[in-house]
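Colleague:
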Amino acid sequence: MRGLTWDHPRGYAPLDELTRLDLAGANPYGQVPEPIEWDRQPLEGFESEPIAKLCQTYDVLVIDHPGLGAAVDALVPMEELFEPDELERLRTGTVGRTWDSYHLDGRQWALPLDAATQVAAARPGVAVPRTWPKAVELARSTSMALCLGGPHAFLMFYALCSGDLLVPETREDGFLDEGAGLRALELMAELLALADPEVSRLNPIGVLDAIAAGGPQWCPLLYGYVTYPLTFSDAPAWPGRAPGSVLGGTGLALSRRRIGEIRDAVRAHLLRLTSEPVQTGLFPAVGGQPAARSAWDDKGFYRDTRATMEAAWIRPRFPGYIALQDRSSALIRDGLLAGTPARTLLDDLHSGPLANLPGGPHQEWRNT
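Numbering (numbering that gives the first Met the number 0), first residue to last: 0 to 367.
1) Smallest Cα separation from Arg240: which of Pro76, Arg129, Leu110, Thr91?
2) For Cys160, which residues does DSSP report across the bridge?
3) Using DSSP bridges, identify the partner residues of Leu130.
4) Under a Cβ-count criterion, where at least 16 other Cβ atoms within 10 Å of its own Cβ denotes burial, should Arg302 be classed as buried or exposed?
5) Contact check, Asn202 vs Gly287 under 8 Å by CB: the rounded distance?
6) May I ask you to report which of helix, strand or coil DSSP gives Arg271?
7) With DSSP collapsed to three states, give me the class of Val75.
8) With 16 as the cutoff for other CB atoms within 10 Å, does Asp370 come out buried or exposed?
9) Just tell me which of Ala337, Arg122, Thr93, Arg182 has its CA closest to the CA of Gly213.
10) For Arg305, which residues from the same chain have a beta carbon less than 7 Å from its beta carbon, with the 5 sequence-adjacent residues on both sides left out?
11) With distances taken Cα to Cα, identify the nearest neighbour of Leu80 among Ala109, Thr279, Gln55.
12) Going by DSSP, which residues form a beta bridge with Phe231?
13) Considering only C-alpha positions, which residue in the set Pro34, Pro27, Leu42, Ser47 is nearest to His7?
14) Just the C-alpha distance for Tyr157 and Gly66, rounded to the nearest angstrom, thanks.
15) Going straight from the alpha carbon of Glu16 to that of Asp38, what length do you get?
16) Using C-beta distances below 7 Å, list every residue in its chain close to Gly359, excluding the 5 sequence neighbours before and after it, in chain order.
17) Who are the Cβ neighbours of Gly10 in its own chain at under 6 Å, not counting the five residues just before and after it?
18) I believe Leu159 touches Leu193 by the beta-carbon criterion, under 8 Å. Please report the beta-carbon distance rounded to the nearest angstrom.
19) Would you identify the three-state DSSP class for Gln59, choosing helix, strand or coil?
20) Between the alpha carbons of Arg19 and Val265, how many angstroms are there, rounded?
21) Go ahead and pull the three-state DSSP assignment for Leu175.
22) Determine, using beta carbons only, whether Ala70 and Pro83 come nearer to each other than 9 Å.
23) Excluding the 5 residues flanking Gly236 on each side, which residues of the same chain have their C-beta closer than 8 Å to its C-beta?
24) Would you check whether the ligand NAD has a heavy atom nearer than 8 Å to the C-beta of Ser254?
25) Since Thr97 and Leu281 should fall inside the 8 Å C-beta cutoff, what is the C-beta to C-beta distance between them, to a whole number of angstroms?
26) Using only the alpha-carbon positions, how far apart do Pro352 and Leu207 sit?
27) In terms of residues, what are the limits of the beta strand (DSSP E) holding Pro111?
28) If you measure between the beta carbons of Ile62 and Thr249, is that distance less than 9 Å?
29) Since Phe300 and Ala119 are thought to touch, with beta carbons under 8 Å apart, how far apart are those beta carbons, to the nearest angstrom?
30) Are the beta-carbon atoms of Ala234 and Thr307 separated by less than 9 Å?
31) Helix, strand or coil: how does DSSP classify Gly416 here?
32) Report the three-state DSSP secondary structure of His151 (helix, strand or coil).
33) With distance defined between alpha-carbon atoms, name the residue in Ala126, His151, Leu154, Leu251 nearest to Ala114.
34) From the DSSP output, which residues share a beta bridge with Leu103?
35) Pick helix, strand or coil for Trp5, following the three-state DSSP scheme.
36) Report the CB separation of Gly2 from Leu14 in whole angstroms; it is logged as a contact under 8 Å.
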């Protein structure tokens, strides 16, 4: 069997270790009919390589939930492999809304494998404030960076907009709210004026590498990686609100290409990868970041960011969303770096990438 994951130790180390144990012939985490040979793609591959295309080559795929909308015809719903009581047990064992992020059109298209969301990161000794106004104050005295590379300028904007709204059912499409959008862009511009502009152009791995190497001392909002020797904490919030954050992480999906031949084997792999011993034992031991709810009770990274994980919002999953995310992020990043006024930038965003969203201003996809 062939599998595809992403090219970071958090994405491949637990999977490679299980394959190594399988080939050694005495796997303490349980036996499977045959091992999986895992290939890797760059982190950016989640945005650039359509899942349906990858399904032509791979049997098991580690995926990001925003790509689901254009891929369901190429995937096997989990209801075809597991009984309802098994799915319910798997659902209740996952943290936050990781399970819901792979549920679309009434079916479950992947099992949560890895859990992540945007949180704050800093060198030990730097305490990131709990609110955005206080974060601006800290940025005036302590070197910092934003995380605007790739899709992350839009994802920060999305998180700030969602965290600004009181009505829960409006939060997942909060980037359509003009007031929230204007406040988000004004805050991002204020912070960027105080930030390291070069590091701020990077993706989360690049920003975390820079902080760990002695560059900026902190970042208020980026996807957390447990493997870094940094202090992670809940994302700052607007005063009186819960932390605003956009769910990340990955799930295990199955292609239809050979399911008739490998059904039993792949079912065994999925059950093992989502099992408590693997999620809470093997994953942390080799640098993984599990999706198991019980793992997020541990002290340090997990417990210190769990409130943000539980409050994180799910991205849209309609066909074309990833392209919209990329275009929106480039517009926001380039506009902020060029000093474009927030009002002009918001108008450009709403008249450009966000102008033709499906379902109009209330987004039919929000309820899928």
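Every residue, glycine too, gets a C-beta built ideally from N, C-alpha and C.
Modeller: In terms of the structure at hand:
1) Arg129
2) DSSP lists no partner for Cys160.
3) Rather than Leu, the amino acid found at residue 130 in this sequence is Thr. Beta-bridge pairing links Thr130 to Ala236.
4) exposed
5) Contact doesn't hold; Cβ gap of about 19 Å is too wide.
6) helix
7) coil
8) An answer regarding residue 370 cannot be provided, because it is not within the stretch 0 to 367 covered by the chain.
9) Arg122
10) Trp295
11) Ala109
12) Ala120
13) Leu42
14) 17 Å
15) 14 Å
16) Interpretation of Gly359 is limited by its pLDDT of 43, a score under 50 that renders its predicted location unreliable; the figure taken from the coordinates is listed afterwards. Nothing meets the Cβ criterion.
17) Thr4
18) Their Cβ separation, rounded to whole angstroms, is 16 Å, which puts Leu159 and Leu193 out of contact at 8 Å.
19) First, the residue type needs correcting, since residue 59 is Val and not Gln in the sequence shown. Strand at Val59.
20) 17 Å
21) helix
22) no
23) What sits at residue 236 in the sequence shown is Ala, not Gly. If we look at Ala236 and ignore the five residues flanking it on each side, its Cβ neighbours are Arg129, Thr130, Trp131, Gly162, Pro242, Gly243.
24) The ligand content of the structure shown is nil, which means the ligand NAD is not present either.
25) Not quite, the Cβ-Cβ distance comes to about 18 Å (not below 8 Å), so this is no contact.
26) 29 Å
27) 110-113
28) yes
29) Contact doesn't hold; Cβ gap of about 12 Å is too wide.
30) yes
31) The structure shown does not extend to residue 416, since the chain is modelled only from 0 through 367, so no value can be given for it.
32) helix
33) Leu251
34) Arg106
35) strand
36) 7 Å
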